[in-house]
Amino acid sequence: MCEHHNHEEHGQNYTILRTLIALALFVGGYKLKPLFILAYLIAGGDVLYKALKNVVKGRVFDENFLMSIATVGALAIKEFPEAVMVMILYQIGEYFQHRAVEKSRHSITELMDIRPDYANLDGKKVAPQEVKVGEVITVNTGEKIPLDGVVIDGLASIDTSALTGESLPKCVREGDTVSSGCINLDGVLKIRVTKEFGESTASKILELVEHAASKKAKTENFITKFARYYTPAVVVSALFIATVPPLFFTGNWIVRALTFLVISCPCALVISIPLSFFAGIGGASRQGILIKGSSYLETLSKADAVLFDKTGTLTKGVFKVTEINSQYPDLLKYTAYAESASNHPIALAIKKAYGSEIPEGVKIKEIAGQGVKAEIEGHTVFAGNAKLVNPPQKIDRAGTIVYVSIDGAYQGYIVISDEIKEESEETISRLKAMNVSTVMLTGDTKGSADKVQEELRLDNVYSELLPENKVEKVEEAIKNASGSVIFVGDGINDAPVLTRADVGIAMGGLGSDAAIEAADVVIMDDNPSKVVDAIKTARNTMTIVKQNIVFAIGVKGLFLILGGFGMVSMWGAVFADVGVSLLAVLNALRGSNLKKK
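Per my numbering: the sequence shown = residues -4 to 592.
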């Protein structure tokens, strides 16, 4: 990546040098005509070479071809200064456009400057790639955390802004998980590594950002198709101007045709449209929102409905046992044993409430979407939802109900409650203000779901859903929606739904492989209001894209007509082409500065 950057920088410096030499020769050309030819070759040699190479490959009609035939034609009719200045101004315009692209790319690179240089292992600085899972590394004050892991000793504040966009430091201590790319602001941390460097959060994110340009939006594909028809059309039009009007009217129609060709170069569209999307992705990443490609940015802008998972998305996902209703003395013990193999928040809450050590060797079988079956001390225990246990009556409580049967007899239930996130109400309110409908899909009970709906004022809620039911609900929403359907989940248990939605957004993707792999958009912290920011950024980016299309085509159309009638000189044509391109590029770069409103 560094070599690529250095190569580009070297190329730009070479372009400046060539342009300055060409300018000097251009001035001298007024006294010695051959200097014009030399200046032309120095300034436009690469354009001529690209045009010739593309013709050989069968790609005739591009901007290099247009520039070449227009300027060679100008030389043929002895318009030397105009021909040279076309190439010089074209190179100046290209330079500024490259600088603009580099600025946008640099803003993302700077933001994502999370690649660690080294890891402290056994008192030595080693490459992060050399550290194995299970080894213990030390992270001192001011150093980047090089690999994902768990803190086994120490207390420190860490800066997660490069990953989450969150400016407030996060305090971590023994037992907390930490992600590579964060910076240790104070204290010393000892971390047991849980992932190899290639699988670490920093590596995954860098890979994601580097490949973001590969998913092209429909608008970008439209520009490619447009250029395919547009360029031959202007060449035929130029031939028509050069050959037909002279039969009926006087005037230098060949110069008009050449001017027409210079004006017709579609640089503004070809450069500014992809740059607009790139800048939008950069603006989103600055807020801790990673969008995997411009196609998803475009789809986000058309959001008609947002479907939320409940646990860990609209709620904190921090569960605690709030009620045990049973006459069976060991109900909590046996339920904790049954849930011992699971790391689901509900299972963790039950194990925490039990509080004692659970022996190994418990035979457990997970029943997808329903619960677990376990063999414990000679007893057969079922713990899960009503479909699994079939209680005498379903309990309506604000929380998740775990029903328990032991040896075929129903023995009671445990209630586990979750807490709604502070930002959830604001998120739903902002989405409604944008005319986006809000729906919640959850596997929890109707009572628990209804409580969340009432508190957040969601448009609709579907409860007690299995994973496949969630997919069905998303498919129904897609059929009925006028725009795109977005699904927002925690990225761990919702991979099928994230994949099925028009855009899948993974919440709290920090450190979650499943989130980064399955989703189209990854929000790097647990703040649901970032969903609104993502949609707003997408809409603002599409506004800029449309402005550039209308502006570029409108100005081009006007100048093409004026050029065809001889009302614009070759000089005017060049300034119009370079000027339109630069204005479009500057407008595109606004996308990288989009802020939350």
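We put the CB at the ideal spot given by N, CA and C, even for glycine. Just so we're clear, the structure is a prediction, and the values are computed from it rather than from any experiment.
| Check | Outcome |
| --- | --- |
| Would you mind giving the Cβ-Cβ distance between A151 and G176, rounded to the nearest angstrom? I have them listed as a contact below 8 Å. | At roughly 15 Å, the Cβ-Cβ gap does not stay under 8 Å, so A151 and G176 are not in contact. |
| Where are the beta strand (DSSP E) runs, 3 residues long or more, that stay fully inside the region 203 to 289, in chain order? | 284 to 286 |
| Starting from F31 and walking both ways along the beta strand (DSSP E), at which residues does that stretch end? | Premise fails: F31 lies in the alpha helix (DSSP H), P29 to V51, not in any beta strand (DSSP E). |
| Should H0 be labelled buried (16 or more other beta-carbon atoms within 10 Å of its own) or exposed? | Residue placement at H0 is flagged as unreliable, the pLDDT there being 47, under the threshold of 50; a coordinate-derived value is accordingly withheld. |
| In this structure, what does DSSP give as the bridge partners for C166? | S152 |
| Is I396 buried or exposed, if buried means 16 or more other CB atoms sit within 10 Å of its CB? | buried |
| Do V384 and I371 have their C-beta atoms closer together than 9 Å? | no |
| Is it buried or exposed for D497, if we count other Cβ within 10 angstroms and need 16 for buried? | buried |
| Got a sec? Which residues, its chain only, sit under 6 Å from L33 by beta carbon, not counting five neighbours each side? | L20 |
| Got a sec, what are the start and stop residues for the alpha helix (DSSP H) Y332 sits in? | L326 to A333 |
| Look at the Cβ atom of P462, then the Cβ atom of G364, and state whether they are nearer than 9 Å. | yes |
| Which one or two residues does DSSP pair with E138 in a beta bridge? | Beta-bridge pairing links E138 to no other residue. |
| Identify which residue in N535, L326, L15 and N49 has its Cα closest to the Cα of V83. | Sequence check: residue 83 is Ile here, not Val. Looking at the Cα atoms, L15 is the closest of the given residues. |
| How would you write the range of the beta strand (DSSP E) that A369 sits in, first residue to last? | G366 to I371 |
| Rounding to the nearest angstrom, what Cα-Cα distance links F273 and A501 in this structure? | 21 Å |
| When the Cα atoms are used, what is the spatial distance from F570 to K541? | 23 Å |
| Is it the case that the Cβ atoms of D515 and S432 are separated by a distance below 9 Å? | no |
| I'd like the span of the alpha helix (DSSP H) that includes S419, first residue to last. | S419 to A428 |
| What does DSSP give as the partner residue(s) for A300 in the beta ladder? | S432 and V480 |
| Would L270 and V580 qualify as a contact pair, given that the criterion is a beta-carbon distance under 9 Å? | yes |
| Can you name, in chain order, every residue of its own chain whose Cβ lies under 7 Å from the Cβ of C166, other than the five neighbours on each side? | S152 |
| Would you mind reading off the limits of the alpha helix (DSSP H) that contains I390? | No alpha helix (DSSP H) holds I390; DSSP gives it neither H nor E. |
| According to DSSP, is Q406 helix, strand or coil? | strand |
| Taking a contact to mean a Cβ-Cβ separation below 9 Å, would you say D439 touches G312 in this structure? | no |
| Using the C-alpha atoms, what's the distance from Y405 back to E355? | 25 Å |
| Here's the rule I'm using: 16 or more other beta-carbon atoms within 10 Å means buried, otherwise exposed. How should I362 be labelled? | exposed |
| Buried or exposed for A114, please, with buried defined as at least 16 other CB atoms from any protein chain shown within 10 angstroms of its CB. | buried |
| Got a sec? Which residues, its chain only, sit under 8 Å from I87 by beta carbon, not counting five neighbours each side? | T14 and V573 |
| On the CB-based measure, 16 or more other CB atoms within 10 Å of its CB, does M80 come out buried or exposed? | buried |
| Which whole-angstrom value describes the C-beta separation of A472 and L302, a residue pair presumed to lie in contact below a C-beta threshold of 8 Å? | 6 Å |
| So which of A38, F31 and D112 has the shortest CA-CA distance to K73? | F31 |
| Opposite S400 in the DSSP bridges: which residues? | F377 and Y405 |
| Who pairs with R187 in a beta bridge, going by DSSP? | V131 and V145 |
| Less than 9 Å between the beta carbons of M519 and I258, yes or no? | no |
| Out of R452, S296 and R392, which one is the CA nearest neighbour of T538? | S296 |
| Tell me which residue opens and which closes the beta strand (DSSP E) that S321 is part of. | K315 to S321 |
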